[in-house]
Each structure stands twice: as C-alpha cells, then as structure tokens.
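Structure first, commentary second.
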Amino acid sequence: LNRVRSEHGNQAIFGGSYGWASAGRFHHALGQVHRFLNCIGGYVSSLASYSTAGAQAIMPHVLGMHFLKLYWSAQNAWPMIAENTETLVMFGGINPKNSQVSMGGVTRHETGTWLRKFADQGMRLVNISPQSTDAYEGSQWLPIVPGTDTAMMLGLAHTLEVENLVDRDFLDRCTTGYDRFRAYLLGESDGQPKSAGWAAGICEIDAETIRELALSMARTRTLITVAWSLQRAQHGEQPYWMATTLAAMLGQIGLAGGGVGFGYGAIGGVGVAVRRLGGLTLPQGTNPITDFIPVARIADMLLNPGADYEFNGQHRRYADIRLVYWCGGNPFHHHQDINRLNQAWHQPETIIVHEPWWTATAKRADIVLPATTPYEREDVSSAQGDSFLFHMDQLIPPVGEARNDYDIFTALAQRIGVGEAFTEGRDSNQWLHHLYDQFRQESSADGIDVPEFEQLRAQNWVELPIAGSQYAEVPFAAFRENPDAAPLGTPSGRIEIFSETIDGFGYDDCPGHPSWLVPEEWLGSDLTEQFPLHLVSPQPGDKLHSQMECAIADVPGARPSPVEMNVEDAAKRGINDGDLVRVFNARGACRARAHVSAHIRAGVVSLPTGAWYDPASDGTDTQGNPNLLTRDKGTSRLGQGSSAHTALVEIELLVE
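In our numbering, each number is its position in the sequence shown, counted from 1, plus 8.
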C-alpha cells in the first residue's frame, strides 16, 4: 500500500470492492474497506450496482429521482394494489423466489402470499416472461422473446394511440415530449408504425393478444411492473423508459394501484408498507479521490488504463490501477465474461483480498487475509423494507488466524500511521454500541422506541412499530394533483417522455425518447446459426448470489448447476432430464445438468447464477457459472450497466 501510494498516488488504488458480505451493520466489509482507504488518502471507487445500473442512469432523467429512492419509497404497497388494481401487467414477472433476499435480510416473506391473494380476488395477472415460473402459477403467461419487451410495449402504446385511448389531459399536464415520441410511435419519423402486428413479429406474442391487452389496460385500473432483469441487457434503459411512457399514456400514474412500478419480486421489501429508518451505518469519511468507474466496467478499466469512455453525458478516462483491495465480494462469480475478467485480473501489480472462503477471487489474489464469518463476531442486523431488528450473537471464537475486517484494518492503519483516524479510539465492541446508541437516539427523535442494546441482546430480536397500511402512500399523487406545486426533479419538472438532456448526448444506443433498438445477440440475429439458444441467468433459489455455495456444492449431485431448457430444444439435441451437458459460445463454456421443462419457452435456456467458478484444464467451468457465457459490454453509453441477459449459447450432450 505504501509503495503504490508513494510511487503512483492513491488514484492507482481501486477499492470499489463489491458484494453483499455480512448482513451485520457494523461488520459490513464494504463500509470497512472504504473507511480505511479514505483514511489513507482515498481510492478509485465504483458507482451504481450490477443489479440496477441501467435503471439508476435512466430514471433520474425520466422521473427526476434516484432509482433507489424510486423503488423503496415511490411504489404502490401490496395492500394498495390489493384494494385498487384490476390488471397487473408484469414485464419479467414477479418471482417470489427472488424476494427471499434483501440487503440486510428479510423476515416476512410476503410476495407469494400477496400474489395468491390478488389471484383469489379476481385480479388479472399477466406474466410477460420467457419463464412461466417468474410469476404466480395462476397468471396468464405470455412467453416473450428475451430482450424484446420494449417492442411489445410499443405495440401496446400504438394500440392505445390509434384506438383513441390515450389520456391526453394527463400527458399535457404531467409530461413533456409526447408529440415527438408519438411521431416515432406512428412511424411518421422513421416510416415504421410500431403497431401490434409489427411488435408481434419481434416479440412473438400474437398481435391480437397485444391489442386485447392494451384495451384491457385502458379500461381497468392497471399497474405495470418491470423486473430488474429487463435492464440488465443491451439497451436495458429502454424498457424502463418505455414502461413509464406507457403508464403515462394510460394516465394512471398518481392513482392508487395504478401507474408503473419497478423491482417487485426482485428483492424483499419492495411493496412493503413500512417506514424507512436510517442509521446503524459505520461512517466512511470523505474520499479525496473523485475518480470512479461504473461498477460493471472493472475489466475495461484494468485492461485499458488511460482509455477514454462515455458515461451518462460525461467524457471520462480509466485510471491506471496498480493495486486492487477487495473485501466481502466475489467478482469471479458476479462479473460478466469471466475469461475476460481473468485476463484483466493479471494487470494490477497487487491484489489484496479479505475472505473466509477459498473462492475463485481469493485464489487469484496476491495477498489473502483470512476474515471472520458472521458466526465469529457480534453485530446487529436490520434492512430497508423490514420492520425487524436482530442481535447477531458471536457463536464461536475466530477460527485459526482469522480476524474481523475491522481488526485487520486497525492493525494496518496503525502501521501506516492513521490508527487514531480510523478507530477514533474505539474497538469493534465499542463501535457497535456507539452506532446502536446513535440509532436509538435518532429513532427516538422520530417517535420510534428502540430497546437498549442489552435488552435486544437478551431477547435476540424486536419488531419496531414502523410497518402498516398507514405508511402506504400513493406514489406521485401530489404531482398528479398539481404538477406545478409538486414538480418532479427533471429539468421540465414533468415526466420526460422526450429528454432534451439525453438527446443532447448524441448517443445512438440511447436516443432522446424510448425506442426499439436491435440487440447484437437475440433470437432474431444471424448469430443464432451458431448459437441458437438465448441464455437468461436469474438469481438462484437456494443461495444469496454465491453465498452458501460452499455448503451446497458438497451435496451429492448438486453440481454442476441445473440449466432449464424447453422439451423441444432438449429433444432436438438428444438430451434427457438430468443429463450432463456443455453450455458454450465464443466467450467460454461451462458444464450443467439438464432440467427439461415445459415452463420455459422454446429457444431459451435458464442457468442461475451462484456457482463458484472452477475451471478444468481446457477452461470449461465445471460448476455451472453462467458468467463464462455472458457479455461484458455496457447497457449503453448512458448507463454502462451489466448486459448479462443479452447472450446466445448452444448446448450439447456430454458423456459421463
């Protein structure tokens, strides 16, 4: 650390790190490493997330608020949907499986219960997804071609326009730029009307089905939901922008149970009527280094130091990174095109990793400092969208030479000469009590009674009085009522169907209004002659990203991961359920176990994330990690997010 700082400066240190790590609020690896690096002069950081980078870039331009605030605080709550929504249109589905997890944990698993309630009371549920299992089993399934949701939305919008079902009053009062978008929609600007028939030729949903759905949406209270997965694709900003435009055309934004929502089923807590509390966060200090990268562009940065790139209207340059410091994450699980990442990982002079487990990332580090697991330390757990507070007991003493991240950084800070700045005179136990006491005081000021630390420790958990329908507010209601008095944070103060700002960037991969942009890899491309199957890589149902894989992998028959494929696709290849197969494309290959199913559309295969990368001598991953196959390119120059869901593959039978 001292050598790199003295020879190259702190701008040669990448400390963005990334990962979920512990659910504990003090022993949170990302907060610890960022505090330490700030104390020694700063680091090159990362911006946004692999989960939602495309949405985080586009939605402030469209709705004028940060996407994290949008999905936590500006959504219809489940009770509001139950009371008011008549038609629930789910692009990408609403999958209860994904709602099992959240940053900090989920106590009540409500998503599946609410979806059953909606179906039982007669609400129309429409699951627009390549997999029927992405929503409640009683939903109407429209098995769309992956990556074509924007085209289908345009077909719905065109039907509304030509049938004179557009709410012009809402568009005139609350939006800007509709007429410019309308010229595109009707084909006046490019010669191609975006009719239901046109959309059907792209998304392979029958034109009459599209028209009928559009009419139903216009005649009922309709909530359009969009899964996070849709924006993890090339041009992933477009379906989010287009869904908002479609909801605006219906005129239901700001009505209870209507409008548009993002991330239902993507993570626990979305849709829960709960008051959001802050606090219980280790202060990280100020980073003197202002340079950053969009989080999914790490391999680009390491492979191309000094190269220029564009991001959200900015012209930027990649730093020359000599040292990477990583805590609490596993990029060789979550980053796309792992073979390319492997090349990039050889570029820095030093890579330092804190890790309890012998992950692929730890194996590829120069220095590995053994860190404790949550079982070896005391902490407190809480989460956004959850009303419970937990005490986390230390169950066993640290194993071997393992230390808490805080203790590791304390020792390093003392040797570098910033020990007091890092610790502020506190050990880990004192910090935990200090942060908890601050949280109690702040909560008390807000009228929330939080027990003393020793009481929480004695009873293990407490439910705080912050959940209930009284916290369910109609999103955008004040804006709808009077957009001049309650303007959005966009330049116009309105919903921007056409954005002068984005148009001014001059991006051909993200123009000034929502558009259908043809992906490089999809079922309509020439590349299907070599790789005829579209790969989707959803979250696993048996772990949190790659956490707990170390236990699952020891179960006989659990690895390699299962790849779900349609009955017809399996039959063409002589593949039966349970067969060992090879999934491959030009980027790489992995082994998988075939799961033959009628719940996925033909031409699409689904291989969940989570398997720990473990290559054989020929480079084929033996465990079934889909990121050997995914593309490492940004969603667009606007968002530069992960485009993992834009990937074509082939599958062949392996002889065991």
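Ideal placement from N, C-alpha and C gives every residue a C-beta, glycine not left out.
Check whether the Cβ atoms of residue i and residue j sit closer than 8 angstroms, and answer yes or no.
i, j, result
"TRP334", "PHE396", "no"
"THR393", "GLY277", "The question names Thr, yet the displayed sequence has Gly at residue 393. A contact, by the Cβ cut-off of 8 angstroms."
"GLU2", "ARG229", "The question about residue 2 has no answer here: the residues shown for the chain are numbered 9 through 664."
"SER507", "LEU615", "no"
"LEU331", "ILE102", "no"
"ILE583", "ALA600", "no"
"GLN19", "ILE297", "yes"
"LEU162", "LEU193", "yes"
"LEU543", "VAL376", "no"
"CYS47", "VAL361", "no"
"ASP517", "HIS166", "no"
"LEU78", "ILE503", "no"
"VAL268", "TYR26", "no"
"LEU420", "PHE34", "no"
"GLY113", "ALA31", "yes"
"LEU290", "ARG11", "no"
"THR158", "TRP524", "yes"
"GLY23", "TYR58", "no"
"ASN320", "LEU646", "yes"
"GLY266", "THR119", "no"
"PHE75", "LEU96", "no"
"ILE505", "THR233", "no"
"LEU349", "HIS342", "no"
Report buried or exposed for residue i, applying the criterion of at least 16 other Cβ atoms within 10 angstroms of its Cβ.
i, result
"THR294", "exposed"
"GLU451", "Reading the sequence as shown, one finds Ser at residue 451 and not Glu. That one is buried."
"MET556", "exposed"
"HIS323", "exposed"
"ALA226", "buried"
"HIS553", "buried"
"ASP445", "exposed"
"SER53", "buried"
"ASN671", "Since the first residue of the chain shown is 9 and the last is 664, residue 671 is not available in this structure."
"SER81", "exposed"
"ARG284", "exposed"
"ILE346", "buried"
"GLU529", "buried"
"LYS551", "buried"
"ILE218", "buried"
"ASP587", "buried"
"ARG423", "exposed"
Give me whichever residues DSSP pairs with residue i in a beta bridge.
i, result
"TRP149", "ASN135"
"GLN555", "LEU552"
"HIS542", "VAL612, LEU656"
"THR233", "MET98, GLY269"
"ASN468", "Paired residues: none, contrary to the question."
"ALA579", "Note: ALA579 sits in no beta bridge, so no partner."
"ARG325", "ASP316"
"TRP86", "In the DSSP output, where bridge partners are listed per residue, TRP86 has none listed."
"ILE503", "THR183"
"ILE21", "LEU331"
"ARG599", "ARG590"
"SER107", "According to DSSP, which records beta bridges pairwise, SER107 is partnered with nothing at all."
"VAL282", "ALA475"
Of all the options the options, which has the alpha carbon lying nearest to the alpha carbon of residue i?
i, options, result
"VAL153", "ASP550, GLY649, LEU531", "LEU531"
"THR654", "VAL526, PRO623, TRP620", "VAL526"
"LEU168", "LEU254, GLY112, ILE329", "LEU254"
"ASN106", "GLY72, ALA143, PRO459, GLY244", "ALA143"
"ALA222", "TRP236, LEU238, GLY209, SER203", "SER203"
"VAL571", "LEU55, VAL604, GLY596, GLY642", "VAL604"
"PHE340", "THR367, ILE359, ASP328, HIS354", "THR367"
"ILE456", "GLN467, GLU471, GLN463, HIS442", "GLU471"
"MET250", "HIS442, GLY520, LEU45, ASN574", "GLY520"
"HIS607", "GLU576, GLU363, ILE424", "GLU576"
"PRO634", "SER625, LYS641, ARG590", "ARG590"
"GLN83", "ASN490, GLY279, ASP562, PHE447", "GLY279"
"ALA579", "PRO495, ILE659, VAL282, ASP534", "ILE659"
"GLU145", "THR156, PRO104, ASP180, SER110", "PRO104"
"SER147", "LEU164, LEU123, GLY155", "LEU123"
"THR380", "GLY155, PRO406, ILE474", "PRO406"
"GLY49", "ALA61, THR60, GLY17, ILE66", "GLY17"
"GLY205", "ASP198, ILE213, GLY199", "ILE213"
Exercise. Evaluate the contact criterion for the region 137–157 versus the region 605–625: three or more CB pairs, one atom per stretch, below 8 angstroms.
Key: A contact between stretches requires three or more CB pairs, one per stretch, nearer than 8 angstroms, and the region 137–157 meets this requirement with the region 605–625.
Quiz item: If we count Cβ pairs, one from each stretch, closer than 8 angstroms, do we get three or more for the region 248–265 versus the region 174–185?
Solution: yes
Quiz item: Does the region 377–388 come close enough to the region 410–421 to have 3 or more Cβ pairs within less than 8 angstroms?
Solution: yes
Quiz item: So does the region 61–75 actually touch the region 348–359, counting three or more Cβ pairs closer than 8 angstroms?
Solution: no
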